[in-house]
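Colleague: Which chain is which? The protein sequence lines are A and B, in order.
The numbering of the first sequence is our numbering, which starts it at 495 and goes up by one.
The numbering of the second sequence is our numbering, which starts it at 190 and goes up by one.
Even for Gly, the Cβ is constructed at its ideal location relative to N, Cα and C.
Because the structure is a prediction, the values reported are computed rather than measured.
Got a structure for you, written out below as structure tokens; questions coming shortly.
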Amino acid sequence: MIEVRDVHHVYLRDSPLEATALRGITLTIGDGERVGLIGPTGSGKSTLVQTLNALIRPTDGTVLVDGEDIFAPQADRRRVRQKVALLFQYAEQQLFEESVARDVAFGPRNLGLPEGEVQARVREALLAVGLDPDRFGPRSPFTLSGGEMRRVALAGVLAMSPRVLILDEPTAGLDPQGKAEFLRLILRLHAERRLTIILISHSMDEIAQVVERVVVLDEGRVVMDGPTRQIFARAEELERLHLGIPQTAQILHRLRARGLPVRTDLLSVEETRAELLRVLRPA
Amino acid sequence: MALVGANGSGKSTLAKCLNALLVPTAGRVLVDGLDTRDPHAVWQVRQRVGMVFQNPDNQLVATVVEEDVAFGPENLGLPPAEIRRRVEEALRIVGMWDYRRHAPHLLSGGQKQRVAIAGMLAMRPSCLILDEATAMLDPQGRAEVLQTVDRLTREEGITVVHITHAMEEAAVARRIVVLAGGRVALQGTPAEVFDQPEVLRRLRLTLPPVAVLGRQLRAAGLPLRGSVTTVDQLVDALTALAAARRS
Numbered sequence: 495m496i497e498v499r500d501v502h503h504v505y506l507r508d509s510p511l512e513a514t515a516l517r518g519i520t521l522t523i524g525d526g527e528r529v530g531l532i533g534p535t536g537s538g539k540s541t542l543v544q545t546l547n548a549l550i551r552p553t554d555g556t557v558l559v560d561g562e563d564i565f566a567p568q569a570d571r572r573r574v575r576q577k578v579a580l581l582f583q584y585a586e587q588q589l590f591e592e593s594v595a596r597d598v599a600f601g602p603r604n605l606g607l608p609e610g611e612v613q614a615r616v617r618e619a620l621l622a623v624g625l626d627p628d629r630f631g632p633r634s635p636f637t638l639s640g641g642e643m644r645r646v647a648l649a650g651v652l653a654m655s656p657r658v659l660i661l662d663e664p665t666a667g668l669d670p671q672g673k674a675e676f677l678r679l680i681l682r683l684h685a686e687r688r689l690t691i692i693l694i695s696h697s698m699d700e701i702a703q704v705v706e707r708v709v710v711l712d713e714g715r716v717v718m719d720g721p722t723r724q725i726f727a728r729a730e731e732l733e734r735l736h737l738g739i740p741q742t743a744q745i746l747h748r749l750r751a752r753g754l755p756v757r758t759d760l761l762s763v764e765e766t767r768a769e770l771l772r773v774l775r776p777a
Numbered sequence: 190m191a192l193v194g195a196n197g198s199g200k201s202t203l204a205k206c207l208n209a210l211l212v213p214t215a216g217r218v219l220v221d222g223l224d225t226r227d228p229h230a231v232w233q234v235r236q237r238v239g240m241v242f243q244n245p246d247n248q249l250v251a252t253v254v255e256e257d258v259a260f261g262p263e264n265l266g267l268p269p270a271e272i273r274r275r276v277e278e279a280l281r282i283v284g285m286w287d288y289r290r291h292a293p294h295l296l297s298g299g300q301k302q303r304v305a306i307a308g309m310l311a312m313r314p315s316c317l318i319l320d321e322a323t324a325m326l327d328p329q330g331r332a333e334v335l336q337t338v339d340r341l342t343r344e345e346g347i348t349v350v351h352i353t354h355a356m357e358e359a360a361v362a363r364r365i366v367v368l369a370g371g372r373v374a375l376q377g378t379p380a381e382v383f384d385q386p387e388v389l390r391r392l393r394l395t396l397p398p399v400a401v402l403g404r405q406l407r408a409a410g411l412p413l414r415g416s417v418t419t420v421d422q423l424v425d426a427l428t429a430l431a432a433a434r435r436s
């Protein structure tokens, strides 16, 4: 469980470039939850997730992971980062080893695990992201497609056996099928390993597809927090924050505004289709 | 026009061929009759075909917005009065005139991309290529850039080639060209292209949710009129149907 208590963060405090990123965030994320983090550019999403695995020490407030204050002097922050893993935007840009297997092995090897265990984790992580270890392991990461490289980067994170997986815009730059495959992969990892998923995305369709709870940030504050359905039903408020809603929800809201008696708290194409047929089917 | 295709299908390479950043190894590209293989035509080609790239932080060079927009015309050696006129015109078109004295690095992603577009417009191009220029933007930034594009094509008569992985953005183009393995695999209006979901799937593309919904509703027997590939179109078609049922 992750507990964020009144966290504030100011970049470059007391300098001319001082910038406040977080203004008192309080948030609890339970084990195995799938949470979407949305908000306009500069709302503090990336800063917040970096405080969760101790990459950024907030200027004020506390972050507890499984009850342990991760910024306490005696805290083992390496273990926190192993438990709470972060896949950065365009993570494939951080691949550097000469082979896929070595790249995925980098993290577990740094944990000081025995070589047999490292190899077992590499195989398992590559299988988990849908890459055949025998075929892809020996290859240079730089000969792979963009989507494959991103999956290698994810395998490197999974090889640390994290409990929480934070994904910062994980599908940016992938082609439409690559996006769809990556989202299915995230859902599968959640189902099979009960990983906690924290997803940052600018695509509301993507958020609607993956998460069960949405946290909305604006100017460093949590301004909405609730089940995905309820959050996307608050279309006007999201619009005021310059955030959108999924395409299906847009259609339902607009039809309702034009007087059609449709529900507006539906998200998937299937639900929307059923609702529209209910209202518009010939008698 | 929207240019779509899987990663590695050749979209960016084709885009670079359109303004002579690349010269094709075979075949030729003509821009208003100018051959991109002709070294003497290169600068005229680039003045006519401007490019805006993905990362808003990599394209602005000056410390003040209006100086950034003036950079191109200054390099053309234009007189200062003409440069000022072009800078104002370009910034007004993209809706950034009020920000002319701002520092580019303090703008939002969408604002930065609009300044980058203004920098191109100040060169008076006939065509703009947006190479995934919306990919790194939040929903508001995307909307700002797409509204700007709409205005450029409608009011300024500028051709826009929008390279994107977002199929809902391709859906608002007048024409979609699909590349696969370095070839044109499919082209047509959004309605025509989205009418071939199996072909698109083979090419690693998907339909936007609206287009999926529109097809399913038709398959279930709702007589929807016209193209239903954007939110506006589907809402209009459904409203028209509901009105017809009532009368």
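What are the boundary residues of the alpha helix (DSSP H) that includes glutamine 376 of chain B?
Modeller: Careful: glutamine 376 of chain B lies outside any alpha helix (DSSP H), inside the beta strand (DSSP E) at 372-377.
Colleague: Step through the CB atoms of chain B and report whether any lies within less than 7 Å of the CB of threonine 722 of chain A.
Modeller: Output row for threonine 722 of chain A: interface = no.
Colleague: Can you tell me where the alpha helix (DSSP H) holding leucine 648 of chain A begins and where it ends?
Modeller: 640-652
Colleague: Can you list, in chain order, the stretches of the alpha helix (DSSP H) that have 4 or more residues and sit fully within the region 587-642 of chain A?
Modeller: 594-604, 609-622, 627-630
Colleague: When the distance is taken between beta carbons, is glutamine 671 of chain A closer than 7 Å to valine 399 of chain B?
Modeller: no
Colleague: With a threshold of 7 Å between beta carbons, is valine 709 of chain A in contact with chain B?
Modeller: no
Colleague: For threonine 428 of chain B, go through chain A and note every residue whose CB falls closer than 8 Å to its CB, in chain order.
Modeller: Leu749, Arg752, Leu754
Colleague: Apart from the five residues on each side of it in sequence, which residues of its chain come closer than 7 Å, Cβ to Cβ, to proline 632 of chain A?
Modeller: Ser593, Ala595
Colleague: Once you ignore the five residues that flank arginine 393 of chain B on each side, which residues in its own chain have a CB closer than 7 Å to its CB?
Modeller: Correct list, in chain order: Ala195.
Colleague: Mind checking whether arginine 748 of chain A and valine 756 of chain A have CB atoms under 7 Å apart?
Modeller: One thing to note: arginine 748 of chain A has its Cβ no nearer than 7 Å to the Cβ of valine 756 of chain A.
Colleague: By alpha-carbon positions, which one of B:Glu255, B:Asp224, B:Val350, B:His294 ends up nearest to glutamate 321 of chain B?
Modeller: B:Val350
Colleague: Give, in chain order, every residue of the region 637-659 of chain A whose Cβ lies closer than 9 Å to some Cβ of chain B.
Modeller: Ser639, Gly640, Gly641
Colleague: Using beta carbons (cut-off 7 Å, strictly below), is alanine 209 of chain B in contact with chain E?
Modeller: The structure shown contains no chain E; its protein chains are A and B.
Colleague: Note down the Cα distance separating threonine 353 of chain B from valine 218 of chain B, rounded to an integer number of angstroms.
Modeller: 22 Å
Colleague: Expressed to the nearest angstrom, what Euclidean distance is found between the alpha-carbon atoms of histidine 294 of chain B and proline 608 of chain A?
Modeller: Their Cα atoms are separated by approximately 47 Å.
Colleague: Use the C-beta contact count for asparagine 208 of chain B: other C-beta atoms within 10 angstroms, 16 or more gives buried, fewer gives exposed.
Modeller: So asparagine 208 of chain B ends up on the buried side.
Colleague: Taking glycine 555 of chain A as the reference, give the member of A:Val498, A:Gln588, A:Val529, A:Glu512 with the closest Cα.
Modeller: A:Val498
Colleague: Would glutamate 686 of chain A be called buried (16 or more neighbouring beta carbons within 10 Å of its own) or exposed?
Modeller: exposed
Colleague: Is it buried or exposed for histidine 229 of chain B, if we count other Cβ within 10 angstroms and need 16 for buried?
Modeller: exposed
Colleague: Contact between the region 299-310 of chain B and the region 249-261 of chain B is defined here as three or more beta-carbon pairs at a separation below 8 Å; is this criterion met?
Modeller: yes
Colleague: Please state if the CB of glycine 530 of chain A and the CB of valine 651 of chain A are separated by a distance shorter than 7 Å.
Modeller: no
Colleague: Within this structure, are the beta carbons of glutamate 333 of chain B and proline 397 of chain B separated by less than 7 Å?
Modeller: Their beta carbons are not under 7 Å apart, which means glutamate 333 of chain B does not touch proline 397 of chain B by this criterion.
Colleague: Using the beta-carbon of each residue, which ones in chain B are nearer than 7 Å to threonine 742 of chain A?
Modeller: Pro398, Leu402
Colleague: Where glutamate 618 of chain A and alanine 653 of chain A are concerned, what is the direct C-alpha to C-alpha distance, given to the nearest angstrom?
Modeller: 8 Å
Colleague: What are the residues that DSSP puts in a beta bridge with alanine 513 of chain A?
Modeller: A:Tyr505
Colleague: Is the region 501-516 of chain A touching the region 566-582 of chain A, taking contact as three or more C-beta pairs under 8 Å?
Modeller: no
Colleague: Kindly identify the DSSP beta-bridge partner or partners of arginine 562 of chain A.
Modeller: Checking the sequence, you will find glutamate at residue 562 of chain A rather than arginine. Beta-bridge analysis with DSSP links glutamate 562 of chain A to A:Val559.
Colleague: Per DSSP, what kind of secondary structure is leucine 668 of chain A in: helix, strand or coil?
Modeller: coil
Colleague: Taking 7 Å as the CB-CB cut-off, is proline 386 of chain B touching chain A?
Modeller: The beta-carbon of proline 386 of chain B is placed no less than 7 Å from the nearest beta-carbon of chain A.
Colleague: Sort B:Trp232, B:Gly216, B:Met190 by Cα distance to leucine 210 of chain B and report the nearest one.
Modeller: Nearest in C-alpha terms to leucine 210 of chain B, of all of B:Trp232, B:Gly216, B:Met190, is B:Trp232.
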